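See structure below.
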Amino acid sequence: MSFNDIKKDNEYKCLIDGEWVFSKTKKTININSPTDNSLIGKIQALDKSEIDNIFEIAKKSQISWYETPVKKRSEILNKVADLILENKELISNLLVKEVTKNKSLAINEIERTVYLIKATAKEGLNLKEEKIKADKFYKSKKKAFIKRIPHGVVLGISPFNYPINLIWSKIAPALISGNSIVIKPSTQGTISVIYTLELFLQAGIPKGVINLITCNTKEIGDYLIKNKNIDMIAFTGSTSIGKRISNLVMKPLLMELGGKDSAIILEDTDLDLAVRECVNGCFSYSGQRCTAIKRIILINSIGYEFMQKFTSEVNKLTFGNPEENNFITPLINQEAVKNIELLVNNAIKNQATKLTNGSKINNLMTPIILDHVNKKCRIYYEEQFGPVAVIIRANNEQEAIDIVNDSDYGLEACIFTKNKKRAFEIAKKLNVGTVQINGKSERSPDNFPFTCLKDSGLGTQGIKYSIEAMTRIKSNVLNQ
Numbered sequence: 000m001s002f003n004d005i006k007k008d009n010e011y012k013c014l015i016d017g018e019w020v021f022s023k024t025k026k027t028i029n030i031n032s033p034t035d036n037s038l039i040g041k042i043q044a045l046d047k048s049e050i051d052n053i054f055e056i057a058k059k060s061q062i063s064w065y066e067t068p069v070k071k072r073s074e075i076l077n078k079v080a081d082l083i084l085e086n087k088e089l090i091s092n093l094l095v096k097e098v099t100k101n102k103s104l105a106i107n108e109i110e111r112t113v114y115l116i117k118a119t120a121k122e123g124l125n126l127k128e129e130k131i132k133a134d135k136f137y138k139s140k141k142k143a144f145i146k147r148i149p150h151g152v153v154l155g156i157s158p159f160n161y162p163i164n165l166i167w168s169k170i171a172p173a174l175i176s177g178n179s180i181v182i183k184p185s186t187q188g189t190i191s192v193i194y195t196l197e198l199f200l201q202a203g204i205p206k207g208v209i210n211l212i213t214c215n216t217k218e219i220g221d222y223l224i225k226n227k228n229i230d231m232i233a234f235t236g237s238t239s240i241g242k243r244i245s246n247l248v249m250k251p252l253l254m255e256l257g258g259k260d261s262a263i264i265l266e267d268t269d270l271d272l273a274v275r276e277c278v279n280g281c282f283s284y285s286g287q288r289c290t291a292i293k294r295i296i297l298i299n300s301i302g303y304e305f306m307q308k309f310t311s312e313v314n315k316l317t318f319g320n321p322e323e324n325n326f327i328t329p330l331i332n333q334e335a336v337k338n339i340e341l342l343v344n345n346a347i348k349n350q351a352t353k354l355t356n357g358s359k360i361n362n363l364m365t366p367i368i369l370d371h372v373n374k375k376c377r378i379y380y381e382e383q384f385g386p387v388a389v390i391i392r393a394n395n396e397q398e399a400i401d402i403v404n405d406s407d408y409g410l411e412a413c414i415f416t417k418n419k420k421r422a423f424e425i426a427k428k429l430n431v432g433t434v435q436i437n438g439k440s441e442r443s444p445d446n447f448p449f450t451c452l453k454d455s456g457l458g459t460q461g462i463k464y465s466i467e468a469m470t471r472i473k474s475n476v477l478n479q
């Protein structure tokens with residue numbers, strides 16, 4: 000498989016109208032390894048005129064793409080999925096370098112993405128026209144012919160932590176439903192995405208249907224999202240940026256933002272199960288996930304036993320370079336490290352107890368457990384994006400429920416108990432999009448609905464639901 004067109008030396012090009020090109024600005028953005036700060040590559044820094052041109056191209060290409068039979072669209076998506084799977088070793092190695100994801104997690108992300116693309120390609124074939132007759136109030140024989148049609152041009156913006164999965168969870172549903180798409184990946188992770196886009200060209204995607212923007216978003220981010228040719232925005236990222244987008248534009252939005260997912264550990268739980276799931280939920284990919292367990296709410300009566308087991312398991316976690324497949328790997332940048340340090344120091348200042356050393360070497364932070372976190376601590380409310388387990392004690396079930404709901408976020412929550420009926424009764428009272436029973440909070444499976452509430456976002460994702468979000472209902476009414 001040839002990737003010769005995507006770069007020259009160590010400078011990666013941008014995909015515009017089916018061609019890999021350099022920016023006319025001749026400006027680039029460095030992508031450095033979070034592990035050792037070595038240069039991985041350079042990407043293009045497009046200017047406003049180039050961005051305008053990209054959206055003009057996307058607008059024109061969308062018309063013919065929508066006229067392409069959905070079966071053909073599905074075939075192209077299936078072909079690119081196969082090509083991504085064939086090249087998973089290459090792409091996973093890039094993920095290890097770019098976002099410090101260990102090899103096991105990188106492979107998992109790619110294989111999961113392949114499934115997502117194929118399942119979306121299949122689900123898109125179910126986009127059928129619906130007929131509805133007028134109700135009895137009307138004397139006439141009105142009939143409505145209802146179908147879902149694409150919005151037009153979708154702008155897809157994704158974060159660093161799942162560069163492949165979270166951009167393709169936007170690309171696949173947008174394209175199967177007849178939209179064209181312009182993507183803006185996180186700078187850290189862009190090179191991995193570029194390789195999958197070259198595979199998409201080789202799979203036969205027509206020119207202009209998908210285009211790539213790489214730019215300095217701090218300088219022209221607002222200009223980007225306000226482009227007149229954008230018909231819908233799908234965004235995954237921070238709550239602050241998500242709110243900014245929603246304040247700047249009045250267009251259909253699909254957003255997955257921050258989270259403060261809680262795990263309630265009840266007194267009748269299987270402690271070994273709860274400990275295992277909480278360790279993975281808190282520390283997988285060093286906690287750099289919106290669906291990571293950010294608060295463990297522990298009923299006091301089992302507090303001692305749980306903490307003994309939990310601390311013991313956390314102390315067994317390996318940490319170091321992702322190339323060595325360590326469980327805890329360096330955080331994405333120094334800003335992330337500093338934010339964790341501020342939150343941890345604030346918690347200790349406000350009577351939280353630090354149970355592990357939590358040492359630091361450059362971007363690498365070893366696991367931290369903070370026990371007895373209270374409302375005075377910023378980390379009680381604020382999202383941490385790092386390897387920190389926050390333990391909050393509760394006297395009873397109702398107090399635990401109140402703590403979960405005492406949050407600006409509403410992504411997921413977990414309940415650990417042997418009593419399923421009790422779990423479902425508690426789940427009804429939790430103001431979140433998804434409740435996991437006897438399992439950690441997580442984004443997958445991708446065919447399940449994934450609803451974001453409050454400051455955690457807008458809308459529902461998932462294969463079927465993302466297709467629905469990236470289409471709109473159009474009714475043609477026949478009067479007879």
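Per numbering that gives the first Met the number 0, residue 0 is the first one in the sequence shown, and the count goes up by one each step. From the three backbone atoms N, C-alpha and C, an ideal C-beta is built for every residue, glycine too. The structure displayed is predicted, hence computed values, not measured ones.
The DSSP-derived three-state label of K12 is coil. Take the alpha-carbon of H150 and the one of D221: they are about 21 Å apart.
Selection T112, A335, D134 and K59 evaluated against E382 yields A335 as nearest (Cα-Cα). In the DSSP assignment, the residues bridged to D370 are T352. 8 Å or more divides the Cβ of I339 from the Cβ of G280.
The C-beta distance from A412 to S261 rounds to 5 Å, short enough to fall under 8 Å. In the three-state reduction of the DSSP assignment, T317 falls in the coil class. Taking a cut-off of 8 Å for Cβ pairs, the segment 318-333 and the segment 468-478 do not touch, as fewer than three such pairs fall below it. Apart from the 5 residues on each side of it in sequence, S103 sits with its Cβ closer than 7 Å to the Cβ of N324 in its chain, given in chain order. Note on geometry: alpha-carbon atoms of K140 and K87 lie some 56 Å from one another.
For S239, the three-state secondary structure derived from DSSP is helix.
Annotation: the continuous alpha helix (DSSP H) that includes E97 extends over K87 to V98. If you look at C413, you'll find it in the beta strand (DSSP E) that goes E411 to F415. Counting of Cβ neighbours within 10 angstroms places D454 among the buried residues, the total reaching 16 or more. Straight across, the Cα-Cα distance linking I240 with I156 is about 11 Å.
Nearest to F318 by alpha-carbon distance, out of L342, V69 and I367, is I367. The beta carbon of N404 sits closer than 8 Å to those of K428, L429 and N430, all from its chain and outside the five residues before and after it, given in chain order. Of the candidates Q460, G40, L45 and R442, the residue whose Cα lies closest to the Cα of T216 is L45.
Closest by C-alpha distance to K121, out of A105, I28 and S176, is S176.
At a cut-off of 4 residues, the continuous stretches assigned as alpha helix (DSSP H) that sit fully inside the segment 396-451 are 396-404 and 419-426.
Look at I163 here: in three-state DSSP terms it is helix. Residues of the same chain with a CB within less than 6 Å of the CB of K78, apart from the 5 flanking positions on each side, are A202 in chain order. C-alpha of K227 to C-alpha of K59: approximately 14 Å in a straight line. Selection P172, K259 and K132 evaluated against L452 yields K259 as nearest (Cα-Cα). V274 places its beta carbon less than 8 Å from that of F309.
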